[in-house]
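Right, one structure below, let's go through it.
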Amino acid sequence: TRKVFINQAAFTATYTAPGEEPLSMRVVVGKKSNQTNFFYDKIEIVEYNPYWGVPYSIIVNEMVPKLARDPSYLDRAGYEVTTPGGRKISSASVNWYAVAAKQTSVNVRQYPGRSNALGEVKILFPNRHHIYMHDTPSKNLFNKDVRAYSHGCIRLHDPKGMAAAVLGKSKDYVTSRIAAGQNEQEQVTGDIPVYVSYFTAWPELDGSGIGYYSDIYDRDRYLLKAIEKTEAMREKARSAG
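So the sequence shown is residues 1250 to 1490, counted in this note's numbering.
This is how it looks when you write it as C-alpha cells:
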C-alpha cells in the first residue's frame, strides 16, 4: 500500500501511503542517449553523505580527456583512485589510455560533500540496471520543463522529503543524519515497491483527468510501429489462410 511511482515522461516521482497526502516532486531522468529503464523493485536503503562510484563509461568518455591535459585532475577535484585490490594511488600515476583500452583497471569514486554528484542522500533499490534515486548539486535543472539530463539515475527535487517518507521519519531527522557528516546507511523497513515507469498518458493525482506528456524517448513511436507491423502480419496470415 506504500509505494513510489516514477513517471519518466512526466518527470515526476510520487510517494503514496494510506491516510497520507501524496508526496510528489520533480525529477531529472536519463538523457535520450542514457535512458532510464522501465522496471520495478523494492526500496531497501537510504544512504547519507554518499560516495559516488564513477561508472567506467563516464571515466572513459568524460574524465580521460581531462586527464590527458591534467593527469592530477582527480586528486585535486575530490576523487579517490584505487587499484582493484583497494590500494589508493595518485591519478597522475595511472595510464588512463590503458584504462580506456581495458588493459588495466582502477576504481574511481568521489568523496562525500556538497559538490558530490549524488548530493547529500541517495535511496537504493538494488537492481541490475544500477539505477537509484538521489540528491544533486545541480538544482537549476529542476526549473526546466524537459528534465532528461542524467546518466540514467533519478535525481530528486526534494530528496530529504522522499528519504523521510520511505523511512517513516521526519525531514528534521534526515537533516540531522546528514549534518553528522558521516557516510552511513539506514535500512528501510516494510515493503515499499518503486515503479520506475514511462507513461505518456496517466491519470492526474487529483482525479481531474488524464495528463499527457511528451514521448521523450520515442517509445510510443516504436510501439506504434510494432503494432502496425503485427497487424500487417496478421492480415497477411488471414489472407493466406
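Glycine included, every Cβ here is placed at the ideal spot set by N, Cα and C.
In the three-state reduction of the DSSP assignment, Ala1397 falls in the strand class, which pools E and B. Of the candidates Val1309, Pro1361, Phe1260 and Val1370, Val1309 places its Cα closest to the Cα of Ala1347. The residues Val1370, Lys1420, Val1423 and Thr1424, in chain order, have a CB closer than 7 Å to that of Lys1409 in the same chain once the five nearest residues on each side in sequence are set aside. With a contact defined as Cβ atoms closer than 8 Å, Ile1307 and Val1445 miss out at about 21 Å. Counting only residues of its own chain and dropping the five nearest sequence neighbours on each side, Val1313 has a CB closer than 8 Å to the CB of Trp1345, Tyr1346, Val1348 and Ala1349. Per the Cβ contact rule, the segment 1322 to 1329 is in contact with the segment 1357 to 1371 (3 or more Cβ pairs under 8 Å).
Relative to Gln1284, the option among His1400, Arg1404, Glu1435 and Gly1439 whose CA is nearest is His1400. In the three-state DSSP reduction, Leu1373 falls in the strand class (E or B).
Every unbroken stretch of the alpha helix (DSSP H) spanning 4 or more residues and falling wholly within the segment 1288 to 1321 is given here in chain order: 1313 to 1318. C-alpha of Val1343 to C-alpha of Tyr1300: approximately 21 Å in a straight line. With distances taken between CA atoms, Ala1259 lies nearest to Ser1273 out of Ser1282, Lys1418, Ser1273 and Ala1266. Taking 7 Å as the cut-off, the Cβ atoms of Arg1363 and Thr1385 do not count as close. Taking C-beta separations shorter than 8 Å and ignoring five residues to either side along the sequence, the partners of Asp1469 in its chain run Thr1449, following chain order.
Pairing Ser1354 with Ala1341 gives a Cβ-Cβ distance that is not under 7 Å. Per DSSP, the unbroken beta strand (DSSP E) holding Gly1279 starts and ends at Leu1272 to Gly1279. When rounded, the separation of the alpha-carbon atoms in Glu1480 and Tyr1297 is 51 Å. Between Trp1451 and Gly1458, the CB-CB gap reaches or exceeds 7 Å. Look at Tyr1462 here: in three-state DSSP terms it is coil, with no helix or strand label. By the criterion of a C-beta distance shorter than 6 Å, Thr1331 is surrounded in its chain by Lys1337 and Asn1356, once the five residues flanking it on both sides are discounted. Exposed is the label assigned to Thr1438, since fewer than 16 other Cβ atoms lie within 10 Å of its Cβ. Where Tyr1346 is concerned, there is no enclosing beta strand (DSSP E), although the alpha helix (DSSP H) around it starts and stops at Trp1345 to Ala1349. Classified as buried, Tyr1447 has 16 or more neighbouring CB atoms from the shown chains inside 10 Å of its CB.
Only residues of its own chain outside the window of five on either side were considered, and among them Tyr1297 have a CB closer than 6 Å to the CB of Arg1426, listed in chain order.
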